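The sequence shown begins at 70 in this note's numbering and counts up one residue at a time. The beta-carbon is built from N, C-alpha and C at its ideal position, and this holds for glycine as well. These numbers come from a predicted model, not from an experiment.
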Amino acid sequence: MRVFGISLSERIKKIDPILFGATSFLSFMSILTILGSVENFGKSKLIMQVAMTIAGILFVFLLANIDYRFFIDRFYIIMFLASVLFLSVTLLFGISGINMQTANKSWITIPVVNIAIQPSEFVKITFLCTFSKHIDMVKEKINKPLVLLGFLLHAGVIIGLILLSGDLGVALVYIGVMLLMLYCAGVSGWYFLGLFALVTIALPFIWDMLRPYQQNRIIYGFQPELDPRGVGMQPLMSREVISRGGFFGKGLFEGGMYEQLTASHTDFIFATVCEKFGFVGGALVVVALVALCARLLILGMRSSDTVGRLICCGCAAVIIVQTLENLWMCLAVVPVVGITLPFVSAGGSSLLATYILVGLAHSVSASERKFYFSSRE
């Protein structure tokens with residue numbers, strides 16, 4: 070069978086098997102967990118997760134067969150402007166998520182179809198593309214102060230709009246992505262030390278800018294035992310749910326403590342996984358995430374193109390920061406900031422956007438293999 074003059078088998082070969090295997094396993098665990106909790110979560114969550122998984126795999130297949138440089142080189146300015154517009158519209162007309170007791174304005178509802186999406190998830194895609202292109206354009210003078218100021222302005226506009234919407238968790242992801250991409254691009258360590266000192270000085274002022282519920286999350290987030298009936302209740306309960314699963318778990322359709330846990334299908338789904346599948350299930354999820362990140366970093370190091378290398382590193386940074394935030398949050402180690410576990414948490418925007426991010430890495434991998442084999446001919 071041939072698609073647009075190229076055999077289907079040749080198109081499938083452009084899919085990186087390790088990336089595809091890791092993401093498929095994580096999605097399988099996600100769907101299985103939601104299926105086992107469908108009476109609590111609702112059939113709509115299961116249908117959405119299956120639909121977005123299928124859509125995500127289709128995007129991966131599409132992007133693996135497209136040269137990422139084609140659209141980044143032509144549309145990087147449009148991507149940046151669209152990102153700013155998208156986040157600005159969300160700031161002005163956004164709403165909080167369903168049943169969320171916060172002042173976040175992170176979601177917008179698409180008219181006619183009446184579907185709510187989280188724009189900041191999709192802006193991760195355009196941010197990786199535009200920031201990678203920005204670095205590539207000035208890589209020869211990357212350690213000059215004015216060049217670094219340009220990077221901070223580029224990222225600062227996006228991060229600032231997200232912070233203004235009240236979504237601290239997602240803003241932290243963007244900050245982590247920016248720093249790792251700059252590090253991979255060769256920015257001097259002295260700048261990172263200077264930034265650390267500047268942030269330390271600015272912390273009191275940043276604290277005053279936070280909303281009361283965000284401050285409470287931070288105070289009791291590190292010591293949830295101080296407020297076990299309030300802010301600390303969720304992380305403490307999450308930790309208890311995780312330990313309740315034991316080594317092999319209660320079983321797919323068993324376990325009931327997760328039902329008392331708010332957001333047990335999204336932010337705290339790792340606790341649900343552990344109660345149902347135990348330490349073994351939780352460990353397998355972590356191993357798959359580690360394998361995914363390791364493969365992304367390896368693909369980045371192998372890429373001969375700066376943009377491709379930074380896209381892979383940026384994608385790895387997204388997975389790493391979100392995973393650490395989410396797991397530590399579930400274990401009551403850090404404040405609850407509301408962040409999803411990549412490919413595992415239920416949520417259409419997060420799942421589809423992360424699949425598209427990994428699809429870009431597939432494109433980098435396919436382009437590099439094409440370059441490698443063509444150079445040997």
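>> Within a Cβ cutoff of 7 Å, which residues of the same chain sit near L421, ignoring the five residues on either side of it in sequence?
In response: M121, A124 and G125
> Which of the three DSSP states, helix, strand or coil, is assigned to I211?
Replying inline: coil
> Counting pairs of Cβ atoms below 8 Å between the segment 260-277 and the segment 375-393, do you hit three or more?
Replying inline: no
>> Applying the 10 Å Cβ sphere with the 16-neighbour rule, what's the burial state of N395?
In response: buried
> Are the segment 125-140 and the segment 420-434 in contact at 8 Å, needing three or more beta carbon pairs?
Replying inline: With a cut-off of 8 Å, the segment 420-434 and the segment 125-140 count as touching, because enough Cβ pairs lie within range.
>> Are the CB atoms of A435 and K83 within a distance shorter than 7 Å?
In response: yes
> Where does I186 fall in DSSP's three states?
Replying inline: strand
> Can you list, in chain order, the residues of its chain whose CB lies under 8 Å from that of L101, leaving out five sequence neighbours each side?
Replying inline: L321
> With DSSP run on the structure shown, which of helix, strand or coil describes T171?
Replying inline: Unreliable positioning characterises T171 in this predicted model, as indicated by a pLDDT of 48, which lies under 50. A coordinate reading is not provided.
>> Assuming L264 and A401 are in contact, meaning their beta carbons sit under 8 Å apart, how far apart are those beta carbons, in whole angstroms?
In response: 29 Å between Cβ atoms; not a contact.
> Tell me, which residues are paired with I57 by DSSP?
Replying inline: As displayed, the chain neither begins before 70 nor continues past 446, which places residue 57 out of reach and without an answer.
> With DSSP run on the structure shown, which of helix, strand or coil describes I135?
Replying inline: coil
>> So, for A240: in the same chain, excluding its five sequence neighbours on each side, which residues have a beta-carbon less than 8 Å away from its beta-carbon?
In response: I228, I231 and L232
> Nearest to G318 by alpha carbon, out of V207, Q292, S257 and V349?
Replying inline: V349
>> Buried or exposed, going by whether 16 or more other CB atoms sit within 10 Å of the CB of F200?
In response: Counting other Cβ atoms within 10 Å of its Cβ, F200 reaches 16 or more and is therefore classed as buried.
>> Looking only at its chain, what residues have a beta carbon closer than 8 Å to the beta carbon of D216, apart from the 5 residues adjacent to it on each side?
In response: Checking the sequence shown, residue 216 turns out to be Val, not Asp. Answer for V216: V207 and K210, listed in chain order.
> Under a three-way DSSP split, which group does I84 fall into?
Replying inline: coil
> CA-CA distance, M148 and T195?
Replying inline: 6 Å
> Taking the alpha-carbon positions, what's the C253 to I81 distance?
Replying inline: Each residue's Cα considered, the two are about 30 Å apart.
> Alpha carbon to alpha carbon, how far is I287 from P293?
Replying inline: 10 Å
> Who are the near neighbours of F94 in its chain, counting only those whose CB is closer than 8 Å to its CB and skipping five residues on each side?
Replying inline: L353 and A357
>> Give me, in chain order, the residues of the same chain whose beta-carbon lies closer than 7 Å to that of V376; leave out the 5 immediate sequence neighbours on both sides.
In response: R138, I141, S201, K202 and D205
> In the DSSP assignment, what residue or residues form a beta bridge with I164?
Replying inline: W176
>> Helix, strand or coil for Q284? Go by DSSP, reduced to three states.
In response: In this structure, Q284 counts as helix in the three-state DSSP scheme.
> With C-beta atoms as the reference, is S414 less than 7 Å away from I338?
Replying inline: yes
>> Would I425 and F155 qualify as a contact pair, given that the criterion is a beta-carbon distance under 7 Å?
In response: no
> If you draw a straight line from the C-alpha of L410 to the C-alpha of L218, how long is it?
Replying inline: CA-CA distance, L410 to L218, rounds to 32 Å.
> Leaving out the 5 sequence neighbours to the left and right, which residues in its chain are closer than 8 Å to E344 when beta-carbon positions are compared?
Replying inline: V310, I311, R313, G314, G318, K319, G324, M326 and Y327
> Exposed or buried, what is Q170 when buried is set at 16 or more other beta-carbons lying within 10 Å of its beta-carbon?
Replying inline: Legend: pLDDT at Q170 = 44, less than 50; position of this residue unreliable, value from coordinates given subsequently. Classification for Q170: exposed.
> So, are the CB atoms of V242 and V403 less than 7 Å apart?
Replying inline: no
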